[in-house]
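Novice: Okay, handing you the structure first.
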Amino acid sequence: MQNFLDLSKGAKILLAACAIVVLAEGGYLFFLQTHVRTLRSTCQYVIAKWEKAEPDSASAKEKYAGPVAAVKFDGKFPEAKNFTSAITKAAAGGANFSGHYAVAEWGCGTSCQDHAVVDVQTGEIVAFGIPSEAGLSFNAGSSLLMTNPKGNFAKLVDLEKSPFSDQVYWFNVPREYYVLEEVNGKASVSRLCIESAYDGQIN
1 MQNFLDLSKG
11 AKILLAACAI
21 VVLAEGGYLF
31 FLQTHVRTLR
41 STCQYVIAKW
51 EKAEPDSASA
61 KEKYAGPVAA
71 VKFDGKFPEA
81 KNFTSAITKA
91 AAGGANFSGH
101 YAVAEWGCGT
111 SCQDHAVVDV
121 QTGEIVAFGI
131 PSEAGLSFNA
141 GSSLLMTNPK
151 GNFAKLVDLE
161 KSPFSDQVYW
171 FNVPREYYVL
181 EEVNGKASVS
191 RLCIESAYDG
201 QIN
């Protein structure tokens with residue numbers, strides 16, 4: 001303290017200015033750190049909140065093993081008629097998603113897949129047009145469906161060896177989480193969360 005008092009007026013002003021800059025920088029860095037931490041939150045938090053809020057939908061499902069109904073192509077997704085072979089074949093294979101549903105997949109170009117979800121008990125198509133670039137992840141015991149899972153994404157493209165234009169494309173590929181929910185006997189599939197398929201950050 002005595003050393004500071006012995007300094008000239010100009011030196012004191014300079015030290016005070018430096019202190020203000022340090023404090024300002026510190027505050028800015030704190031803002032950056034907290035903001036980046038927020039950006040690094042992933043969909044896992046959202047999924048956990050959904051599981052708590054909707055325990056019936058999130059609970060484990062028993063796989064249906066009964067007779068399979070014929071697919072109804074006259075429902076709310078008329079465009080599904082253009083993919084009757086893929087959807088019919090998937091339904092005939094039995095339930096593989098959320099208890100008594102089947103997921104159908106067909107190609108729509110390079111690194112492009114499209115999907116539909118069929119109730120194998122009733123034949124109703126409950127979702128159509130779920131897109132992906134690297135496939136899906138789902139199972140018969142869960143009502144959660146993920147597009148472009150990390151394992152598939154890593155196998156599909158090696159970004160380090162790709163041209164920059166390809167890297168930009170793949171950096172912007174989303175990973176989407178969908179949930180199938182049944183309310184009053186009606187099933188619907190809705191998107192729960194979306195993040196970057198490359199690094200899992202929320203966009």
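Per the UniProt record's numbering, the sequence shown starts with residue 1, numbered consecutively.
By construction, the Cβ of each residue, glycine as well, lies at the ideal position given by its N, Cα and C atoms.
May I ask you to report which of helix, strand or coil DSSP gives alanine 102?
Specialist: Here alanine 102 sits in strand by DSSP.
Novice: When you compare only the Cα positions, how much space is there between phenylalanine 77 and proline 131?
Specialist: Their Cα atoms are separated by approximately 15 Å.
Novice: Starting from isoleucine 87 and walking both ways along the alpha helix (DSSP H), at which residues does that stretch end?
Specialist: First-last of the alpha helix (DSSP H) with isoleucine 87: 84 to 92.
Novice: With a threshold of 6 Å on Cβ separation, who are the neighbours of leucine 144 within its own chain once the five nearest residues in sequence on each side are excluded?
Specialist: Hits under 6 Å: Val179.
Novice: Look up glycine 151 in the DSSP assignment and say whether it is helix, strand or coil.
Specialist: Three-state result, glycine 151: helix.
Novice: So, using beta-carbon positions, are alanine 69 and valine 117 closer together than 8 Å?
Specialist: No. Outside cutoff.
Novice: Identify the continuous alpha helix (DSSP H) that holds serine 57 and give its terminal residues.
Specialist: Its alpha helix (DSSP H) spans residues 55 to 58.
Novice: Can you tell me whether glutamine 201 is helix, strand or coil according to DSSP?
Specialist: Coil at glutamine 201, not helix or strand.
Novice: Which residue's Cα is closest to the Cα of phenylalanine 97: Asp199, Gly185, Glu181?
Specialist: For phenylalanine 97, the nearest C-alpha among the options comes from Glu181.
Novice: Out of curiosity, what's the CA-to-CA distance linking tryptophan 170 and threonine 110?
Specialist: Tryptophan 170 and threonine 110: Cα-Cα distance of roughly 13 Å.
Novice: If alanine 60 and glycine 141 are in contact, beta carbons under 8 Å, what's the gap, nearest whole angstrom?
Specialist: So it is a contact: roughly 5 Å between Cβ atoms.
Novice: Here's a check: name, in chain order, each residue in its chain whose Cβ is nearer than 6 Å to the Cβ of methionine 146, leaving out the five neighbours to either side.
Specialist: Same-chain partners within the cutoff: Ser137, Tyr177.
Novice: Under a three-way DSSP split, which group does lysine 61 fall into?
Specialist: Three-state DSSP puts lysine 61 in coil, outside helix and strand.
Novice: Between the Cα of glutamate 160 and those of Tyr64, Tyr198, His100, His115, spot the shortest distance and give me the residue it belongs to.
Specialist: Residue Tyr198 is the option with its Cα nearest to glutamate 160.
Novice: Which of the three DSSP states, helix, strand or coil, is assigned to isoleucine 47?
Specialist: In this structure, isoleucine 47 counts as helix in the three-state DSSP scheme.
Novice: In its own chain, which residues sit with a C-beta less than 6 Å from the C-beta of proline 149, not counting the 5 before and 5 after it?
Specialist: Around proline 149: Ser137.
Novice: What distance in whole Å lies between the Cβ atoms of tryptophan 106 and alanine 80, which are believed to be in contact at a cut-off of 8 Å?
Specialist: At roughly 11 Å, the Cβ-Cβ gap does not stay under 8 Å, so alanine 80 and tryptophan 106 are not in contact.
Novice: Applying the 10 Å Cβ sphere with the 16-neighbour rule, what's the burial state of leucine 39?
Specialist: For leucine 39, the pLDDT reaches just 45, beneath the cut-off of 50, and the residue's location in the model is therefore unreliable, although a value from the coordinates is still provided. Answer is exposed; the Cβ neighbour count stays below 16.
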